[in-house]
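Undergrad:
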Amino acid sequence: MKRRLFIKSVAGGTLATTLAGTEFLPRFLGGIENACAFSFTKQLSSKEARFYKRLESGGIECQICPRRCRVTDLERGYCGTRENRADKYYTLVYGFPCSANIDPIEKKPLFHFLPGARAFSLATAGCNVNCKFCQNWEISQMRPEQTDNFELSPQAAIDICIRERVPVIAYTYSEPVIFYEFMYDIAELGQKSGIKSVMITGGYIEPEPLKALLPQLDAVKVDLKAIREDYYRNIVGGQLKPVLDAIIQIKNSGAWLEIVYLVVPTLNDSEAEFRDLAHWIKNYIGIETPVHFSRFHPLYLLKNLPPTPQTTLERAYEICRAEGLEYVYLGNLPGHRAESTYCPKCGKILIERRGYQILQKNIERNLCRFCRKVVPGIF
Amino acid sequence: MPESRAGYILMKRQAFFLGLFSVGAQVLILREVLATLNGRELFIGITLFAWLLAVALGSFWRGNEKRGLRLKTLFLAGSLLLLIVLLAIRFAPQLLGLIPGEVIPLGKALLISTLAIFPVGFVSGALFPAITAEGYKPAAAVAEVYLFEGWGAFVGGAAVTAFLSLSVTGLSIAIIIASLTLTFMVVKKLNLWLQSAIVLVCALFVIIAIPELEWKIEKIKYAPTEVIDSFETPYGKQAIIRNAENISLITDNLRETTFPDRSAAEYSLITPLLYNPEGNSFLYVGRGDFLFSELADSLPSLKIVCLDPRAKLEEIGSQLFGRPSNLTVINDDPIAFFSRRDLVSRFDYAVINIGETETYLGNRLLTASFLSQLRTALNPKGVVLLNTPYDSDRHISDEKGRALAVIYNSIRASFPYVTFWPGETTLFFASADSVINIPAAEIIRRTEELGFSTAFVNRGFLEDRLQSLKIARLNQALQTDNAINQVEKPSLVQRGAVFQAQTERFARVMVTILLERPYAAILAAAMFIVLYLTALIRRHRRRNFALILYFVAGFASLSLELVSFYLFQSSAGALYSDLGLLVGVFMLGLALGTYLALRSASDSLSIPSIMLLILASGLLLLTYDSILPKYALYYHLLFLFTVALGTGSLFVAATGRYYYGRAHANRGIGYGVEILGSSVGAILPLTVLLPIIGVDCILVSILSVLLCGALGAYLTR
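Residue numbers (the working numbering), protein chains in the order written: chain F, 1 to 379; chain Y, 1001 to 1717.
1. List the residues of chain Y that C62 (chain F) touches, going by C-beta distances under 7 Å, in chain order.
2. Measuring only the C-alpha atoms, how far is Y1671 (chain Y) from G1150 (chain Y)?
3. Which residues does DSSP list as the beta-bridge partners of D1229 (chain Y)?
4. Measure the beta-carbon distance from F1148 (chain Y) to A1015 (chain Y) and round it to whole angstroms, keeping in mind my assumption that it falls under 8 Å.
5. What residues in its chain sit with their C-beta under 6 Å from that of D1289 (chain Y), if we drop five residues either side in the sequence?
6. Output the residue ranges of the beta strand (DSSP E) runs that lie fully inside the region 1289-1367 of chain Y and measure 3 residues or longer, sorted by chain position.
7. Please state whether the Cβ-Cβ distance between L1706 (chain Y) and L1590 (chain Y) is less than 8 Å.
8. Check the DSSP bridge columns for I1089 (chain Y) and list the partner residues they point to.
9. Name the residues in the region 1444-1463 of chain Y whose C-beta lies less than 8 Å from a C-beta of chain F; which are they?
10. Would you list the one or two residues that DSSP bridges to Q360 (chain F)?
11. In the DSSP assignment, find the beta strand (DSSP E) that holds N84 (chain F) and state where it starts and stops.
12. Decide if the region 1672-1692 of chain Y is in contact with the region 1031-1050 of chain Y; the criterion is three or more beta carbon pairs, one per stretch, under 8 Å apart.
13. What does R85 (chain F) reach in chain Y if we use C-beta pairs closer than 9 Å?
14. Find the residues of chain F that neighbour V1103 (chain Y), judging by a C-beta separation of less than 9 Å, and give them in chain order.
15. Measuring alpha carbon to alpha carbon, tell me which of Y:P1260, Y:A1632, Y:A1521, Y:M1527 ends up nearest F970 (chain Y).
16. With DSSP as the reference, label N366 (chain F) as helix, strand or coil.
17. For the region 1271-1287 of chain Y, list every residue whose C-beta sits within 9 Å of some C-beta in chain F, in sequence order.
18. Under 7 Å Cβ-Cβ, which residues of chain F neighbour D1261 (chain Y)?
19. Any Cβ of chain F within less than 8 Å of the Cβ of S1397 (chain Y)?
20. Could you give the DSSP three-state label for K1219 (chain Y): helix, strand or coil?
21. Tell me the residue span of the alpha helix (DSSP H) that contains G958 (chain Y).
22. Note down, in chain order, all residues in the region 330-361 of chain F with a beta-carbon under 7 Å from any beta-carbon belonging to chain Y.
23. Can you list the alpha helix (DSSP H) stretches of 4 or more residues lying completely in the region 1522-1597 of chain Y, in chain order?
24. Note the first and the last residue of the continuous beta strand (DSSP E) segment covering H292 (chain F).
25. For L350 (chain F), which residues from the same chain have a beta carbon less than 7 Å from its beta carbon, with the 5 sequence-adjacent residues on both sides left out?
26. Looking only at its chain, what residues have a beta carbon closer than 6 Å to the beta carbon of F370 (chain F), apart from the 5 residues adjacent to it on each side?
27. For the alpha helix (DSSP H) that contains M1611 (chain Y), what are its first and last residues?
28. From the DSSP output, in three-state form, read off M1011 (chain Y) for me.
29. Restricting to Cα atoms, I'd like to know which of Y:A1653, Y:G1681, Y:L1715, Y:P1260 is closest to A1139 (chain Y).
30. Check whether the region 1021-1029 of chain Y touches the region 1157-1177 of chain Y, counting contact only when three or more Cβ pairs, one atom from each stretch, lie closer than 8 Å.
31. So, for F24 (chain F): in the same chain, excluding its five sequence neighbours on each side, which residues have a beta-carbon less than 7 Å away from its beta-carbon?
32. Going residue by residue through the region 246-286 of chain F, where are the continuous beta strand (DSSP E) segments of at least 3 residues, counting only ones entirely within it?
33. Once you ignore the five residues that flank I1610 (chain Y) on each side, which residues in its own chain have a CB closer than 6 Å to its CB?
34. Output the distance between the C-alpha atoms of Y356 (chain F) and L1640 (chain Y), rounded to the nearest integer angstrom.
35. Identify the residues that DSSP records as bridge partners of V1700 (chain Y): which are they?
36. Could you tell me the distance, in whole angstroms, from the CA atom of Q1500 (chain Y) to the CA atom of S1113 (chain Y)?
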């Protein structure tokens, strides 16, 4: 056994033993809380990862995302959740999420997918980018040893959904690409049980794994952070082109797609960018693709920037509507007209929303009740 | 003393300007560093430590140089460096390639501040032995320079404070100090009246012209956002910026609040009403006029009082947002407000917007003692809301959980009934009455009876926010720590700093070393013991032990000074507005103690000086928590004066021991060791140890060091 592995094993064992004495077994009140009691653990998984290749010179190259991390023995990729052990790549978070909630589907936001439904939302530690405005940095920018994880097998996740009558599982908060295997297995089981799967992602994924994954998913919401390469480089720590390619791939696969653009004041809020975004959507994925402009809240490394002005969001809305996009939404502006869905043909309200509440719904079998226009989505 | 009277007068004048320059530079650079680099307590401690270390090194270096840099060169270098460094710090975020609004990583901030502080501190330290080199008798020279440096520091501190209170900018003050130093210390001899006239013209020019330059600098700094106004107050550097219809208040480069922010306004103003719909008198601690001027109109029956000490912001707020007829602003510090007034049963609601928890300034509103005072100001069914910046909506990390737990425990120590809302900003509600024992479903139902439309505080959002899963998860997190935040032991500052450090790897390591496992304190203690024993057992004990006395003087004086500042701020008032007075009195005491010791015929002042310090520290330990807030200022002024007297005379006593009959000794070493002691005193007690062991243990530790000093002085007499 190599020295480093020995030291890690001893340290890990000691830590695990110590922490086992401090495990807390919470009992929640009602609902999901009765269905499962989560025991926190610092245990990591040792399931072999998918989409990697061994290098002739030693080490492996991860192929899950465009980073293509080259990882030597006992080292991890950028995301911190995949580790090379003797030239075999393992995911450390399979079956060990660190966050679980039941959220309204509108919170993702997904507006054309089972409106009013609840989603069992799961996340593990780690991420393959480092957005300076990340709302979930406490888990996304951490290694799995640094978060409070709990054991949850794919079957257990499905069982919770069935018991709680929650029709959707959402892979969300951090970046589900980095817990690909866990997400895949849950989604596969979910399909057999009638539980739908949605991926809330930054879209930073390679085509091959995405191609394999898409048949298991029912919907994908992609956070398209900007339409400029330099923004992705400087603010997100990634690249734009792979994300755009992924969006096109998702659209072509038939999975339901919605786009979210987080408007960060002074950084990606120019009219030119909104116009470029609208053009790109129109040309590559179609005007019927719902686009959400979301309001930035000061957080993490950008907590001294002010929130996005409402007029900036409204400007984005107007530009996209003028370019012909049919379904444009503004997030975090409760009571605003752009929270609700309108028929692009007759202009009548299809789904009236207020915050996460659905106040009225005028869609029948994907048709506008008033003019019978087809409304895209899964209703 | 120098051989000639002219030489003596010159030395006095040089020492005076050294004091004036070094205190002015220290205050201005530290202010700039804190304002630009988002200074927090850990950062302040390290930065002050770096400044004092630089001074000590400069003193060691120049004291050892037989033909070192000339005084004029040093004064010239110091003056120019001061201006360059201030501008460099101001533009540091841009130079680092950071986005306006981006948090500056602790590692980079420390690097910049150290690089900026070091040159000026080094020059400042080098000036001391350079001036004493003019003196014939080293002991007398060192002591006399120390004396007049003290006078200069007193005048410099008072002048800087006076300028700042008149809202003269830091850059303007720096130029005035530089021009004073250059005119009187560098330029070839001129008639005194001419020198004074030059300085006066410079000062007037600067006060008139520099603000325009500063305005341009601010516009560059915040571009492309529009800057409405920017000014300095005794409480920090303020900027008001606009982006479309959003107007943000920036304090020391941190966003404090933004108008409009409907979510924050509703959660602050409306949620307490849900627990007690019958009340109408509302106290908001903070800039409520910036937050809910718009919303207040929807609640005309509510009488809202906003409490904040920054009077200039009230004027601006009134111009920008108007003033609803039911909103009043009181310009006073919250601690002082509650201590000076009889506020029994005045309010139905009180809201504290907590802000950053890793500073002592913010932390003092979250102590059990302040919350108890707040309770007496509330009616029997009054409701308190504490609005924290911690997001508990989706997951709660260990570090965040502990910070929340300390807040929760502190509230529970003062109020029998406490409840909480998870969410993107975790809310705590407390009352002396069971009015807040209401289930979530009832709270949600009450939102429908408000009588007006709300955007966020309604069923649409609260059903998600107040899910029992989220409440249970938060409840679990609140059990992870049982500490209470107290003035005597501000645990929340440490928990807040540990949480904030998680954003950056370097900060995480630094905070672990300094705040979670105080290796630095253990190392410092060990080194002190080793050096102490070495000084006792080696040859020339009397002389060698003088270095220990120097160290003790520096360590004890700065530790006690900072503890006093902390206690004053936490229990009685705003440090910023009274800082000038406190520092001034300290400097006065230092100068007076030095003067009296010099004039004394006794050559065994070490023990009496230390005994004076022990007496002052002992009395502080026994009485600090018994002083009525309205007498706190006088109490701390007297304490600081006494400590300074003891420090000054101890310095002279140590100087007599070390330099007697040693004309060629390094004249910077005594001063350097004293400053080294100050640097340790700057970082260890307040920054590192206070949240861990509390005020009492710190004072006991300081007393122990003083007792060791007294014992050693006796053994080596």
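From the three backbone atoms N, C-alpha and C, an ideal C-beta is built for every residue, glycine too. The structure presented is a predicted model; accordingly, all values stated were derived computationally and were not measured.
TA: So, from the listed chains and residues:
1. The premise fails here: C62 (chain F) is roughly 22 Å from chain Y at the closest Cβ pair, so nothing lies under 7 Å.
2. 13 Å
3. Bridge partners of D1229 (chain Y): Y:I1240.
4. 4 Å
5. Non-local C-beta neighbours of D1289 (chain Y) in its own chain, meaning closer than 6 Å and more than five positions away in sequence, comprise C1306, G1317, V1329, ordered along the chain.
6. As far as the region 1289-1367 of chain Y is concerned, its whole beta strand (DSSP E) runs of at least 3 residues are 1303-1307, 1327-1330, 1347-1353.
7. no
8. Beta-bridge pairing links I1089 (chain Y) to no other residue.
9. S1453, A1455, F1456, N1458, R1459, G1460, F1461, E1463
10. F:E352
11. 82-85
12. Short answer: they touch.
13. Chain Y residues near R85 (chain F): none, gap ~24 Å exceeds 9 Å.
14. K132, Y300, L301, L302, K303, N304
15. Examination of residue 970 (chain Y) is not possible in this model, given that chain Y is present from 1001 through 1717 alone.
16. coil
17. For the region 1271-1287 of chain Y, which is checked against every Cβ of chain F, not one residue is closer than 9 Å.
18. P307
19. yes
20. helix
21. Nothing can be reported for residue 958 (chain Y), as the shown portion of chain Y is limited to 1001 through 1717.
22. P334, G335, R354, G355, Y356, Q357
23. 1541-1571
24. Bounds of the beta strand (DSSP E) holding H292 (chain F) are 291-295.
25. T341, Y342, C343, N362, I363, C368, V375
26. C346, K348
27. 1606-1623
28. helix
29. Y:A1653
30. yes
31. Because F24 (chain F) sits at a pLDDT of 28, beneath the cut-off of 50, its placement in the model cannot be relied upon, and the following sentence gives the value as read from the coordinates. Cβ neighbours of F24 (chain F) beyond the five flanking positions: F40.
32. 256-263
33. L1706, G1709, A1710
34. 58 Å
35. Per DSSP, none; premise fails for V1700 (chain Y).
36. Q1500 (chain Y) and S1113 (chain Y): Cα-Cα distance of roughly 19 Å.
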